[in-house]
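A short write-up of the structure that comes next.
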Amino acid sequence: MQEGLIVKALSGFYYVRPEDGGDVVACRARGLFKKRGESPLVGDRVRFEAKDDGSGEGTVVELLPRTTELVRPPIANVDTALIVFAVARPDINRQLLDKFLALSELAGLRCVLCFTKADLLKGPDGAPNALAAEIDALRAVYERIGYPVYVTSAKSDADVGGLLREMDGRISVVAGQSGVGKSSLLNRLAPGLTLETNEISEKLGRGKHTTRHVELFRIGERGWLADTPGFSSLEFPEMEAEDLTEAFPEFAELSNGCKFRGCLHLTEPGCRVTQAVAEGEADPARYENYAAFAVEIRDRKRRY
Ligand SMILES: Nc1nc2c(ncn2[C@@H]2O[C@H](COP(=O)(O)OP(=O)(O)OP(=O)(O)O)[C@@H](O)[C@H]2O)c(=O)[nH]1
Ligand SMILES: [Mg+2]
Ligand SMILES: [Zn+2]
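Take any residue in the sequence shown, note its place counting from 1, add 1077, and you have its number in this note's numbering.
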């Protein structure tokens, strides 16, 4: 019996990379999993048996305990979300950015932010343009909360060493709208990887979803990374609105100072969060997005 990592799932086969670094083994899952209602996922660490007939096939026998489990994309043991937005084309949607961050926080992931297409921050003369100042301000907002922020470009040899270190020895997923440059970035992070990229439709101003199935790729010496389908809208899981505060670390910290326990930071008196926003201690756009999500979650609950 050997241990390994499921790096791809396709047509009933689980492709397992053995711990000792040997060739990938195409495994079927034991019927037993279905009976127990368990289903192996990409990212699962497993025990498996390889056939000794040289076929390169085998059987997954046991799933080792998971640390995290994502539903969309379906991947186990992810610990980092690399959240990618382009500085422009498409323009940054702050609400979507905060939604990706909040959903990643709720899933128990570490978040790393990456702004791509940095080449668009320079005018024809090579000097920083107006957009560059906006991106600097945005970077400051998120760094202050504690998120690592990187600004990269596929069109230059901007340093990606820092980003690679963030993903070393971990399983990471990449999240971001279609066309922001996720695959282009990953191709740079992992030379030898050739993910399909797509020219943006100039007319629509957005990309088509080029990337579909879930697969983990080696990144750096000891990291694994999934190039997931780009999504454009996301739902919050079934949850209480008051638990949303945990997904906004800077508000979670302030909320100890709120007068009421379970404060939603909307219209409650004695709210430390709304006070911090009013006094310029916390970013107003982050707060607006938080409030919109909190109302969405609360009202959804009321409807059922
Ligand atoms: N100017 C500029 N364009 C870029 C950069 N990175 C990617 N692009 C372009 O953006 C478009 C989309 O890039 P992809 O890497 O396919 O985007 P994606 O996020 O993987 O898209 P999906 O797979 O559809 O989710 C392509 O036309 C790329 O050439 C960059 O750093 N600068
Ligand atoms: Mg892609
Ligand atoms: Zn409050």
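A virtual CB, placed ideally from N, CA and C, is assigned to each residue, including glycine.
I need the residues with a C-beta less than 5 Å from some heavy atom of ligand 3; please give them in chain order. Going by the Cβ distance cut-off, the answer is 1335, 1340, 1342, 1348 and 1350.
Using a 10 Å radius around the Cβ and a threshold of 16 neighbouring Cβ atoms, would you call residue 1310 buried or exposed? Below a pLDDT of 50, predicted positions are generally treated as unreliable, and residue 1310, at 46, falls in that range; the measurement from the model is reported next regardless. With fewer than 16 other beta carbons inside 10 angstroms of its own, residue 1310 counts as exposed.
Taking the alpha carbon of residue 1135 as the reference point, which residue from 1109, 1093 and 1198 has its own alpha carbon closest? Here the closest residue by C-alpha is 1093.
Would you say the beta carbon of residue 1232 comes nearer than 6 Å to a heavy atom of ligand 1? Answer for residue 1232: yes, Cβ within range of ligand 1.
Rounded to a whole number of angstroms, what is the C-alpha to C-alpha distance between residue 1232 and residue 1208? Their backbone Cα atoms lie some 17 Å apart in a straight line.
Determine the closest residue to residue 1292 out of 1312, 1153 and 1217, with distance taken between C-alpha atoms. Checking every option, the nearest Cα to that of residue 1292 belongs to 1153.
Does the separation of the CB atoms of residue 1188 and residue 1178 fall below 7 Å? Remark: C-beta atoms of residue 1188 and residue 1178 approach each other more closely than 7 Å.
I'd like the list of long-range same chain contacts for residue 1125, defined as Cβ closer than 7 Å, with 5 residues on each side in sequence excluded. Excluding residues within five positions, the ones whose Cβ falls inside 7 Å are 1079, 1081, 1093, 1102, 1104, 1135, 1136, 1137 and 1138.
With distances taken between CB atoms, is the gap from residue 1083 to residue 1121 smaller than 7 Å? The beta carbons of residue 1083 and residue 1121 sit closer together than 7 Å.
Span of the alpha helix (DSSP H) around residue 1109: Note, residue 1109: alpha helix (DSSP H), 1108-1112.
In this structure, how does DSSP classify residue 1135 when only helix, strand and coil are distinguished? Strand at residue 1135.
Using 8 Å as the Cβ pair cut-off and three pairs as the minimum, do the stretch 1311-1328 and the stretch 1366-1373 touch? Counting Cβ pairs under 8 Å, three or more are found: they touch.
Taking the CB atoms as reference points, tell me whether residue 1260 and residue 1196 lie closer together than 7 Å. No, they are not a contact pair.
What are the start and end residues of the beta strand (DSSP E) that includes residue 1079? Note, residue 1079: beta strand (DSSP E), 1079-1087.
Tell me where the beta strand (DSSP E) around residue 1294 begins and ends. Note, residue 1294: beta strand (DSSP E), 1293-1296.
Which residues in the same chain as residue 1389 place their Cβ atom closer than 7 Å to its Cβ, once the five residues preceding and following it in sequence are excluded? In the structure displayed, the chain extends from 1078 to 1381; residue 1389 sits before or after that span and is not available.
Mind checking which residues open and close the alpha helix (DSSP H) that includes residue 1262? Residue 1262: member of the alpha helix (DSSP H) spanning 1259-1266, first to last residue.
Taking buried to mean at least 16 other C-beta atoms within 10 Å of its own C-beta, is residue 1149 buried or exposed? The residue in question, residue 1149, is exposed, as its Cβ has fewer than 16 Cβ neighbours within 10 Å.
If you follow the alpha helix (DSSP H) that residue 1171 is part of, which residue opens it and which one closes it? Note, residue 1171: alpha helix (DSSP H), 1171-1183.
In whole angstroms, what is the alpha-carbon distance linking residue 1145 and residue 1115? Taking the straight line joining both Cα atoms gives about 15 Å.
Alpha carbon of residue 1165 to alpha carbon of residue 1176, nearest angstrom: Pairing residue 1165 with residue 1176, the inter-Cα distance amounts to about 18 Å.
Output yes or no for whether 7 Å exceeds the beta carbon distance between residue 1315 and residue 1339. Result no, Cβ atoms of residue 1315 and residue 1339 do not sit closer than 7 Å.
Residue 1254: which of 1267, 1172 and 1346 sits nearest, CA to CA? Answer by Cα proximity: 1172.
Residues that residue 1091 bridges to, as DSSP identifies them: According to DSSP, residue 1091 bridges with 1086 and 1104.
Using C-beta distances below 6 Å, list every residue in its chain close to residue 1347, excluding the 5 sequence neighbours before and after it, in chain order. So the list reads 1336, once near-sequence residues are dropped.
Report yes if the C-beta of residue 1260 is less than 6 Å from at least one heavy atom of ligand 2; otherwise report no. True, at least one ligand heavy atom lies under 6 Å from that Cβ.
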